[in-house]
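So the sequence lines, in the order shown, correspond to chains G and S. Residue 59 is where the first sequence starts when you use the working numbering, and the numbers rise one by one after that. Residue 354 is where the second sequence starts when you use the working numbering, and the numbers rise one by one after that. Don't be surprised by glycine CBs; every beta carbon is placed ideally from N, CA and C.
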Amino acid sequence: MTLKRKFKAGDFAILAEMEPPKGVDISIMTDSAIKVKGKVDALVVPEMSNAVMRMSALGGAMILQSKGIETVMQVNCRDRNRIALQADLLAAYGCGIRNVMAVIGEDPGYGDHHQARSVYDIDLVELLKAINTLSQGRDMAGIELVGAPDFLVGSTTNIGAKGKSSELEFEDLKKKADAGAYFFITPPLFHIASLSPFLKKAESLQIKIIPTVLLLKSLGMARYMSKNMEHIFIPDELIGRIQKAPDKVRECTLIAAETVRSLKKEGFSGVMLATIGWEHKLSEILEKV
Amino acid sequence: MIIADKKPIEEIIESIKDYSRILILGCNECVTVCEAGGKKEVGILASALRMYFLNKGKEVKIDENTLERQCDHEYLDELVDQVDNYDAIVSLACGVGVQFAAEKYRATPILPGVDTCFLGATEKRGLWTERCQACGQCILASTGGICPVSRCAKRILNGPCGGSSKGKCEINKDMDCAWQLIIDRLKALDKLDTYEELSPLKDWSTDRAGGPRKIMREDLLL
Numbered sequence: 059m060t061l062k063r064k065f066k067a068g069d070f071a072i073l074a075e076m077e078p079p080k081g082v083d084i085s086i087m088t089d090s091a092i093k094v095k096g097k098v099d100a101l102v103v104p105e106m107s108n109a110v111m112r113m114s115a116l117g118g119a120m121i122l123q124s125k126g127i128e129t130v131m132q133v134n135c136r137d138r139n140r141i142a143l144q145a146d147l148l149a150a151y152g153c154g155i156r157n158v159m160a161v162i163g164e165d166p167g168y169g170d171h172h173q174a175r176s177v178y179d180i181d182l183v184e185l186l187k188a189i190n191t192l193s194q195g196r197d198m199a200g201i202e203l204v205g206a207p208d209f210l211v212g213s214t215t216n217i218g219a220k221g222k223s224s225e226l227e228f229e230d231l232k233k234k235a236d237a238g239a240y241f242f243i244t245p246p247l248f249h250i251a252s253l254s255p256f257l258k259k260a261e262s263l264q265i266k267i268i269p270t271v272l273l274l275k276s277l278g279m280a281r282y283m284s285k286n287m288e289h290i291f292i293p294d295e296l297i298g299r300i301q302k303a304p305d306k307v308r309e310c311t312l313i314a315a316e317t318v319r320s321l322k323k324e325g326f327s328g329v330m331l332a333t334i335g336w337e338h339k340l341s342e343i344l345e346k347v
Numbered sequence: 354m355i356i357a358d359k360k361p362i363e364e365i366i367e368s369i370k371d372y373s374r375i376l377i378l379g380c381n382e383c384v385t386v387c388e389a390g391g392k393k394e395v396g397i398l399a400s401a402l403r404m405y406f407l408n409k410g411k412e413v414k415i416d417e418n419t420l421e422r423q424c425d426h427e428y429l430d431e432l433v434d435q436v437d438n439y440d441a442i443v444s445l446a447c448g449v450g451v452q453f454a455a456e457k458y459r460a461t462p463i464l465p466g467v468d469t470c471f472l473g474a475t476e477k478r479g480l481w482t483e484r485c486q487a488c489g490q491c492i493l494a495s496t497g498g499i500c501p502v503s504r505c506a507k508r509i510l511n512g513p514c515g516g517s518s519k520g521k522c523e524i525n526k527d528m529d530c531a532w533q534l535i536i537d538r539l540k541a542l543d544k545l546d547t548y549e550e551l552s553p554l555k556d557w558s559t560d561r562a563g564g565p566r567k568i569m570r571e572d573l574l575l
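Given below as structure tokens:
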């Protein structure tokens, strides 16, 4: 069943992040992807997250699609102007990619090409509107297309994130939904209760909220994120649980799997599993879900 | 200097239509030289607005003032005792002045009365042209004193593109090709050998790539 159908049917969708390589050796990406084929509904292919240069999302998504795996291709506003963004969206659809996720893109200062000039010709809401315009058979200049794409469109939301104003985030969510976004992926979530109140509100907008479940790799990572990442809340009990566990990596995969189960139980529309470089652990998490 | 252009009066009217006590605030610096926001333009705009509201039968008080600068605390301080007399201020300063005034007088809407356009020079009265994009890393020493960042449509740094024709830019036949100007100038200076050197990869982090910029001079801080 396609991701679109799964969402429409109200079934719980499992997405997983799959970073393309920094280079041309695609074996690790494809091996990890093939291991979870059939266990995930689609793989989300980031577009150079954290402004680190690597194979593009379009390239990565095309490779994964060629292995028979449905993808969600990210598009960001940082690296391309409106001409290139539209061109890549048409290319993506022409190559069989049916789901896109529009993001703003981190500043190059975060990445590995600090001297790069970012583009931001259009912003995120404008990009969502542009995708919508393409789906109506016209480009941003109003010129008719020969065949229009019909993407399932997603974006991001910080709703429920620590330190964010839920009122402003909800306004932002509405703006993006009005611009054509249907599903929204949250930042990593370790405390479901902080997001649950927004589920009902989301339902009123006829959209899908997809929390990210991030695989913690170590106690150090959990502590670091808890201390230094402004919008991430990791309960002390969770850190304590990892600390006490004899096999910390196993415990972390268990925590990820348990969080996915809880999300399903709470009535969320799906989950996005992020393993940042540990994509080989995806199948282990999914086995425990 | 900063070059600005007058905003269409309809746009200014739209932005002030809900207010009845308005100050038109000019600036004695760049916008005076480019005749967009100095004392003279303040007078013209104020008169035009008074006539407009009179014709509409709406009672609107329009006052005029022009500060030496709007990008310095000491001159903006002059408004402290007057600002509460107004529902809104239309600043004819550049975007810097508008923002600085808004930061200082937080309870009063400060509305822009000009469009800030570029850093440029007065070629002749009524003609201003761009010369600098404030990229934060000046390369004029190697380009014969002509800036490809601000004057080449593609901002390219290693010679003209294929669109350069008879010394003109492909974007507009009335526009000089910056690289043709650079080559001509280097020739005149007998420094054409510098043209053969490849320009190092531009570091845009000193431009806007690194976010809003600031310069802090420890030796000048009080």
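Using a Cβ cut-off of 9 angstroms (strictly closer), state whether residue i contacts chain G.
{"i": "ALA506 (chain S)", "result": "no"}
{"i": "GLY448 (chain S)", "result": "no"}
{"i": "TRP532 (chain S)", "result": "no"}
{"i": "LYS521 (chain S)", "result": "no"}
{"i": "GLY489 (chain S)", "result": "no"}
{"i": "LEU376 (chain S)", "result": "no"}
{"i": "GLY516 (chain S)", "result": "no"}
{"i": "ARG561 (chain S)", "result": "yes"}
{"i": "LEU554 (chain S)", "result": "yes"}
{"i": "GLY497 (chain S)", "result": "no"}
{"i": "SER373 (chain S)", "result": "no"}
{"i": "SER558 (chain S)", "result": "yes"}
{"i": "GLY379 (chain S)", "result": "no"}
{"i": "GLY479 (chain S)", "result": "no"}
{"i": "GLY564 (chain S)", "result": "yes"}
Let me check one thing: in DSSP terms, what residues is residue i bridge-paired to?
{"i": "GLU202 (chain G)", "result": "G:ARG196"}
{"i": "GLU456 (chain S)", "result": "DSSP output for GLU456 (chain S) lists no bridge partner at all."}
{"i": "GLN377 (chain G)", "result": "Here chain G comprises residues numbered 59 to 347, so residue 377 (chain G) is not present and cannot be evaluated."}
{"i": "GLU75 (chain G)", "result": "G:VAL102"}
{"i": "THR270 (chain G)", "result": "G:PRO246, G:MET330"}
{"i": "ARG374 (chain S)", "result": "S:LYS414"}
{"i": "ASP529 (chain S)", "result": "S:LYS521"}
{"i": "THR475 (chain S)", "result": "S:TRP481"}
Out of the options, which has the shortest C-alpha to C-alpha gap to residue i?
{"i": "SER114 (chain G)", "options": "G:ILE84, G:ILE292, G:GLY278", "result": "G:ILE84"}
{"i": "LYS97 (chain G)", "options": "G:SER252, G:PRO166, G:GLU128", "result": "G:GLU128"}
{"i": "ASP358 (chain S)", "options": "S:THR469, S:VAL449, S:ASN438, S:ASP416", "result": "S:THR469"}
{"i": "LYS323 (chain G)", "options": "G:THR60, G:ASN139, G:LYS64, G:ASP69", "result": "G:ASP69"}
{"i": "ASP189 (chain G)", "options": "G:VAL161, G:GLU295, G:ILE267, G:ILE343", "result": "Before going on, a small fix: residue 189 (chain G) reads as Ile here, not Asp. Minimum Cα distance to ILE189 (chain G) is reached at G:VAL161."}
{"i": "CYS424 (chain S)", "options": "S:VAL384, S:GLN435, S:GLU417", "result": "S:VAL384"}
{"i": "TRP336 (chain G)", "options": "G:PRO79, G:LYS64, G:GLN132, G:ALA150", "result": "G:PRO79"}
{"i": "ALA235 (chain G)", "options": "G:LYS66, G:GLU184, G:SER254", "result": "G:GLU184"}
{"i": "ALA332 (chain G)", "options": "G:GLY238, G:LEU340, G:ALA149", "result": "G:LEU340"}
{"i": "LYS457 (chain S)", "options": "S:CYS447, S:THR475, S:VAL436", "result": "S:VAL436"}
{"i": "ALA460 (chain S)", "options": "S:LEU534, S:TYR548, S:VAL433, S:ASP543", "result": "S:VAL433"}
{"i": "VAL82 (chain G)", "options": "G:ARG112, G:SER327, G:ILE92, G:ILE297", "result": "G:ARG112"}
{"i": "LEU310 (chain S)", "options": "S:GLY497, S:CYS514, S:ILE509", "result": "A query on residue 310 (chain S) cannot be resolved here, the shown segment of chain S reaching from 354 to 575 and no further."}
Near residue i, what residues of its chain come up, given a Cβ to Cβ distance below 6 angstroms and the 5 sequence neighbours on each side ignored?
{"i": "GLN486 (chain S)", "result": "VAL502, SER503"}
{"i": "VAL318 (chain G)", "result": "VAL271, VAL329, VAL347"}
{"i": "ALA219 (chain G)", "result": "PRO245, HIS289"}
{"i": "GLU523 (chain S)", "result": "GLY516"}
{"i": "LYS64 (chain G)", "result": "ALA71, ASP99"}
{"i": "ALA562 (chain S)", "result": "none"}
{"i": "SER90 (chain G)", "result": "GLU337, HIS338"}
Near residue i, which residues of its chain fall below 8 angstroms by C-beta distance, leaving aside the five closest residues on each side in sequence?
{"i": "ASP137 (chain G)", "result": "GLU105, MET106, GLY163, SER176, VAL177"}
{"i": "ASN216 (chain G)", "result": "LYS222, GLU227, ASP230, THR244, PRO245, HIS289"}
{"i": "GLN144 (chain G)", "result": "ALA188, LEU192, ASP197, MET198"}
{"i": "ALA401 (chain S)", "result": "ILE362"}
{"i": "TYR405 (chain S)", "result": "ILE362, ILE366"}
{"i": "GLY391 (chain S)", "result": "GLY379, CYS380, ASN381, VAL384, THR385, THR419, LEU445"}
For chain S, is any of its Cβ atoms less than 9 angstroms away from the one on residue i?
{"i": "ALA142 (chain G)", "result": "no"}
{"i": "SER176 (chain G)", "result": "yes"}
{"i": "HIS172 (chain G)", "result": "yes"}
{"i": "ASP165 (chain G)", "result": "yes"}
Below 7 angstroms CB to CB, which residues in the same chain sit around residue i once its five sequence neighbours on both sides are set aside?
{"i": "ALA100 (chain G)", "result": "LEU61, LEU73, GLU128, THR129, VAL130, ASN157"}
{"i": "LEU312 (chain G)", "result": "LYS346"}
{"i": "ARG403 (chain S)", "result": "ILE415"}
Please tell me whether residue i has its Cβ less than 9 angstroms away from any Cβ of chain A.
{"i": "GLN490 (chain S)", "result": "Structure shown: chain A not included; protein chains present are G and S."}
I want to know whether the segment 171 to 189 of chain G touches the segment 112 to 126 of chain G - three or more CB-CB distances under 8 angstroms.
no
Under 8 angstroms, with one C-beta from each stretch per pair, do the segment 221 to 241 of chain G and the segment 270 to 284 of chain G reach the 3-pair mark?
no
Three Cβ pairs or more, each shorter than 8 angstroms: is that satisfied between the segment 405 to 423 of chain S and the segment 373 to 392 of chain S?
yes
Any contact of the segment 434 to 443 of chain S with the segment 375 to 387 of chain S, i.e. 3+ C-beta pairs under 8 angstroms?
yes
Mind the definition here: the segment 136 to 153 of chain G touches the segment 525 to 538 of chain S only if three or more C-beta pairs lie below 8 angstroms; say whether that holds.
no
Is the segment 457 to 467 of chain S close to the segment 360 to 370 of chain S, with three or more CB pairs under 8 angstroms?
yes
Does the segment 486 to 497 of chain S come into contact with the segment 543 to 554 of chain S, if we say contact requires no fewer than three beta-carbon pairs (one atom in each stretch) closer than 8 angstroms?
yes
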